[in-house]
Amino acid sequence: MTPLAKRIADPIVPNSGVLPKRAVELKILHPEDHPAPTATQPAAPPVASEELLAELAEHSARLETASPQEIITWAAETYAPRLGMATAFGPEGCVILHMLATLAPETYVFNLDTGYQFKETLELRDRIAERYGIEVELRKPELSVAEYEAAHGGPVYETDSNQCCFDRKIKVLQQAARELDGWMSGIRRDQSSHRAKAPIVGWDKKFGLVKISPLANWTKEQVWKIITDEKVPYNPLHDQGYTSIGCQPCTRQVLFGEDERAGRWSGSGKTECGLHTADD
Ligand code: SF4
1474 MTPLAKRIAD
1484 PIVPNSGVLP
1494 KRAVELKILH
1504 PEDHPAPTAT
1514 QPAAPPVASE
1524 ELLAELAEHS
1534 ARLETASPQE
1544 IITWAAETYA
1554 PRLGMATAFG
1564 PEGCVILHML
1574 ATLAPETYVF
1584 NLDTGYQFKE
1594 TLELRDRIAE
1604 RYGIEVELRK
1614 PELSVAEYEA
1624 AHGGPVYETD
1634 SNQCCFDRKI
1644 KVLQQAAREL
1654 DGWMSGIRRD
1664 QSSHRAKAPI
1674 VGWDKKFGLV
1684 KISPLANWTK
1694 EQVWKIITDE
1704 KVPYNPLHDQ
1714 GYTSIGCQPC
1724 TRQVLFGEDE
1734 RAGRWSGSGK
1744 TECGLHTADD
């Protein structure tokens, strides 16, 4: 059995908190899980079988009415210890961390540390560690910012933001993916048209992983209610008009009435770094 063949949970009774298990093997077609790249061949992500896609769709449909806590519990019971969560410390990520602290505190959580993040974001990582004891790992690109800019004759985000995001985010997650079977993200369907069709559980072709989005059908208001009620640590830049926070050079405050992601790569037509877009 490959590491990607998994035991999965029986159907959850919504909000029951009861998660009985049965053994079902999920097979991936690719014979080797996350093969390492060679000198001549880049690493290809594993490919999901039709059987696996159908199983994931079934789970996703069933989990549509489950709470985020039940989805997180299912994900941890199904994929740990090869479950990871990627966070940029946005409000949604902080809420998931808050839930993980009681449901599955041993879950591996990481941040794609491009070298261009706000100092407030990095400080939030330490506040999360203090509050919950969860040490989010900062995963960095091969080259430091100074080395990267020297190699390209200046900041690449000014000339080719897609390349910069690829080099400093996507490649880093591709590397992390080789250590995982599933990853969780904090995306919500109502954040953008790209995210509107995000399943609760699905196959992420780009990274060759099962992707779980526990907050997919939550609203911004539900997220902020938890933050306020439970005093969850959050990025203070949100109080200064930054509704969505990425790298400092590519993020601005939004104006009244603008879309919540309007401050990302403003004026460039780019709306996503590529982590959450499907390459169909
Ligand atoms: S958000 Fe901007 S600085 Fe950050 S990786 Fe993408 S292009 Fe580079």
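Residue 1474 is where the sequence shown starts when you use our numbering, and the numbers rise one by one after that.
Quick reminder that beta carbons are idealized off the backbone N, C-alpha and C, glycines included.
Treat the numbers as computed from the prediction; the structure is a model and nothing was measured.
| Check | Outcome |
| --- | --- |
| Can you check whether the CB of threonine 1575 is closer than 8 Å to the CB of methionine 1558? | no |
| Just grab the DSSP bridge partners of asparagine 1584 for me. | Leu1611 |
| Would you mind working out which of Lys1693, Ser1634, Arg1651 sits nearest glycine 1563, comparing C-alpha positions? | Lys1693 |
| Can you name the start and end residues of the beta strand (DSSP E) that leucine 1536 belongs to? | From DSSP, leucine 1536 is part of no beta strand (DSSP E) but of the alpha helix (DSSP H) over 1523-1536. |
| From glutamate 1620 to glutamate 1523, what does the alpha carbon distance come to, in whole angstroms? | 43 Å |
| Using a 10 Å radius around the Cβ and a threshold of 16 neighbouring Cβ atoms, would you call leucine 1688 buried or exposed? | buried |
| Residues in the same chain with beta-carbon distance under 6 Å from alanine 1671, minus the five sequence neighbours each way, listed in chain order, please. | Ile1660, Arg1662, Ser1686, Ala1689 |
| Please indicate yes or no: does the CB of serine 1634 lie closer than 7 Å to some heavy atom of ligand 1? | yes |
| Do the region 1626-1633 and the region 1522-1538 meet, that is, are 3 or more Cβ pairs less than 8 Å apart? | no |
| Excluding the 5 residues flanking alanine 1572 on each side, which residues of the same chain have their C-beta closer than 7 Å to its C-beta? | The question names alanine, yet the displayed sequence has methionine at residue 1572. Around methionine 1572: Pro1541, Gln1542, Ile1545. |
| With C-beta atoms as the reference, is leucine 1653 less than 8 Å away from isoleucine 1607? | no |
| If contacts are defined as beta-carbon pairs under 8 Å, then arginine 1641 and glycine 1588 qualify, I think. What distance do you get, rounded to the angstrom? | 7 Å |
| Starting from the C-beta of valine 1696, find all residues in its chain whose C-beta is less than 8 Å away, skip the five residues before and the five after it, and write them out in chain order. | Pro1564, Glu1565, Val1568, Arg1661, Leu1688 |
| What did DSSP end up calling glycine 1566 once you bin it into helix, strand or coil? | helix |
| Go ahead and label proline 1554 buried or exposed: buried means 16 or more other beta carbons lie within 10 angstroms of its beta carbon, across all protein chains shown. | exposed |
| If you count every other CB in all the chains shown that lies within 10 Å of the CB of leucine 1502, and 16 or more means buried, which is it? | The predicted model places leucine 1502 with a pLDDT of 39, which falls under 50 and marks its position as unreliable; any figure quoted below should be read in that light. By the 10 Å Cβ count, leucine 1502 comes out exposed. |
| Which residue or residues does DSSP assign as beta-bridge partners of glycine 1557? | Tyr1581, Trp1656 |
| Go through its chain and collect everything with a Cβ distance to cysteine 1746's Cβ below 6 Å, but skip five positions before and after it. | Cys1638, Lys1642 |
| Can you tell me the Cα-Cα spacing of tryptophan 1656 and leucine 1536, whole angstroms? | 16 Å |
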